[in-house]
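Just so we're aligned, residue 12 is where the sequence shown starts under the working numbering, counting upward by one.
Virtual Cβ for every residue (Gly too), placed ideally from N, Cα, C.
Computed from a prediction, not measured in an experiment: that's the story for all the values here.
Below: one structure, written as structure tokens.
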Amino acid sequence: MKQIRIPAVFARGGTSKGLLFNRTDLPSERAAWERLFLAALGSPDRYGRQLNGMGGGLSSLSKVCVIGPSTRSDADVDYTFAQVLIDRALVDFTPLCGNMSSTIGPYAVDEGMVPAAGERAVVRVHNTNTSKIIVASFSLDEGCAAVDGDLAIPGVEGTGAPVRLDFLDPGGAITGALLPTGKVRERLEVPGIGAFEVSMIDASNACVFLQAQELGLTGAESPHEIERDAKLMRKLAAIRIAASLAMGVAKSEEEAQRKTAVPFIGYVAAPAPARTLAGVDIDPAATDFVARVLSNGQPHRALPLGVSMCLAVAARIEGSVVHAVTRPDAVERDHLRISMPSGILTVAADVQRRDGRWHAVQGGFFRTQRRLFDGHVYVPSRAFGA
12 MKQIRIPAVF ARGGTSKGLL FNRTDLPSER AAWERLFLAA LGSPDRYGRQ LNGMGGGLSS
72 LSKVCVIGPS TRSDADVDYT FAQVLIDRAL VDFTPLCGNM SSTIGPYAVD EGMVPAAGER
132 AVVRVHNTNT SKIIVASFSL DEGCAAVDGD LAIPGVEGTG APVRLDFLDP GGAITGALLP
192 TGKVRERLEV PGIGAFEVSM IDASNACVFL QAQELGLTGA ESPHEIERDA KLMRKLAAIR
252 IAASLAMGVA KSEEEAQRKT AVPFIGYVAA PAPARTLAGV DIDPAATDFV ARVLSNGQPH
312 RALPLGVSMC LAVAARIEGS VVHAVTRPDA VERDHLRISM PSGILTVAAD VQRRDGRWHA
372 VQGGFFRTQR RLFDGHVYVP SRAFGA
């Protein structure tokens, strides 16, 4: 069968990897994108490895970004994110990937979509998934996005040039409200499982959080330990579905099961000794709280960046389950240090209370990114309906 080749870039952004496409190189009909992305990444794959495509068999390695001219006057480019499921023929355009967001500004400059000169570039990115603005700032090296640098991020070997990401007004990115149910903390009834004390927050991504002790856990469990515990995985899946309905992300249990990306589910604990996936001990004195998160049904090896933003915002909201386990003196700093499976992630979050309501002003991160390959990706012509 004839294959069709499409210009593409394969890049790492933070602790994720994915394919980047220019909007002009894709079919004009958005409906055709899903078939194309599934074929390019190698999904669905009942073996879970995506060997027949560019995916890597993990949710963090099965991603697509589409970059095109901005449809808003206050942005330089549009960025649409797609999470490609591994074992199902499903592409989810609901969530935002914060890690891959670090590749968008550099891509726009390197591809000549946004002019840049001098030592530094600032690119305003309109994320179409959430209708939010992300400001990417990064150094230039001979007119292109710099790659070499001294910034090390947990979960990525080596160092790179920092990309600063500022997420403006991240509240209500998925549901339209920072607190979708209007409550900071509440008892969530989960059919067949029980009731759990949770906080349902929507900042950059919609998430449901609960404390590790609610699950009989410490918070220091490794992703492998979580994944091997079938009973725990079923319980977390059920809580996520109940939260999806309560937050208005889905209108039925069937729809909630189809929307595997959001809401994300995570559990938190007070600072405690832990060990990274690389075998390095984490000093609890260097952290503000511990977090573990599932992404598309898989325990994340680090933390999804959008979820990290939501965790930081939740930690600033008095009364939330995250705030309850956060180190008290953290309120005096503009950043939070989250202990996660790959190390410690530092996140800035500005949250204010105005007229009796909580408002997420902005959040920020530093990530590294690197273009790994550019050229063409090949997909069977049937992906285009040919």
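Under DSSP, TYR278 shares a beta bridge with LEU221 and ARG303. A direct Cα-to-Cα measurement between VAL332 and MET244 gives close to 20 Å. Residue range 109-112 is occupied by the alpha helix (DSSP H) that includes ASN110. DSSP assignment within the region 334-367 yields the following whole beta strand (DSSP E) runs of 3 residues or more, N-terminal first: 346-351 and 354-365.
Here the alpha carbon of ALA249 sits roughly 17 Å from the alpha carbon of ARG239. Comparing alpha-carbon positions, the option among ARG327, MET351 and ALA285 lying closest to ASP345 turns out to be ARG327. In this structure, LEU221 sits near PHE207, with a CB-CB distance shorter than 8 Å. ALA335 and GLU329 have their C-alpha atoms some 8 Å from each other. When beta bridges are read from the DSSP output, CYS155 appears opposite ASP152. Taking the Cα of SER210 as reference, the smallest distance to any Cα among GLY203, ARG368 and CYS218 is reached at CYS218. Residue range 14-24 is occupied by the beta strand (DSSP E) that includes ARG16.
DSSP, reduced to helix, strand and coil, places LYS74 within a strand of the structure shown.
The shortest C-alpha to C-alpha distance from THR379 to any of TRP44, TYR118, CYS108 and ARG175 is the one to ARG175. Comparing C-alpha distances from SER215 to each of THR287, LEU322 and VAL102 shows the shortest one belongs to LEU322. Residue pairing of GLY29 in beta bridges, as defined by DSSP: ALA22 and LYS74. Rounded to the nearest angstrom, the gap between the Cα atoms of GLN363 and LEU316 is 21 Å. For a cut-off of 8 Å, the C-beta gap from ALA283 to GLY230 is around 6 Å, short enough to register as a contact.
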